[in-house]
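Q: So for the sequence shown, my numbering puts the first residue at 14; every next one is plus one.
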Amino acid sequence: MRRIVIKAPACSADIITYLKRILRIHAEELQPGEGVEFIFDAERFQFPAAIFESLLAGVGLKILSTREEDSIRILEVEKL
């Protein structure tokens, strides 16, 4: 499964708007049923799972699983 690292913006941009844009770009590259893992810095992206679910649903992706390893959050997702 392909892994995509999502880095926090260097500027003070609105992080939610930033995430929407980045997730939309990657969702457009996927085929229906195709899965990918998104890797986030858990400290920079301290959102509850419901926020990630909403953002992903907005771009046609669903969460299959989530886990944290060290200081990273991994979301395994699939395109609907």
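Backbone N, C-alpha and C fix where the C-beta goes; we use that ideal spot for every residue, glycine too.
1) Counting only runs that start and end within the segment 29-85, where is the beta strand (DSSP E) found for 3 or more residues in a row?
2) Rounded to whole angstroms, what is the Cα-Cα separation between LYS20 and THR30?
3) Who are the near neighbours of GLU56 in its chain, counting only those whose CB is closer than 7 Å to its CB and skipping five residues on each side?
4) Compute the Euclidean distance between the alpha carbons of GLU91 and ALA62, then round it to the nearest angstrom.
5) I'd like to check one pair, ARG86 with PHE53: are the Cβ atoms closer than 8 Å?
6) Between the Cα of VAL72 and the Cα atoms of HIS39, GLU89, ASP27, VAL18, which residue gives the shortest distance?
A: Concretely, from the data shown:
1) 48-54, 74-82
2) Rounded to whole angstroms, the separation of the alpha carbons of THR30 and LYS20 is 14 Å.
3) SER84
4) 16 Å
5) yes
6) HIS39
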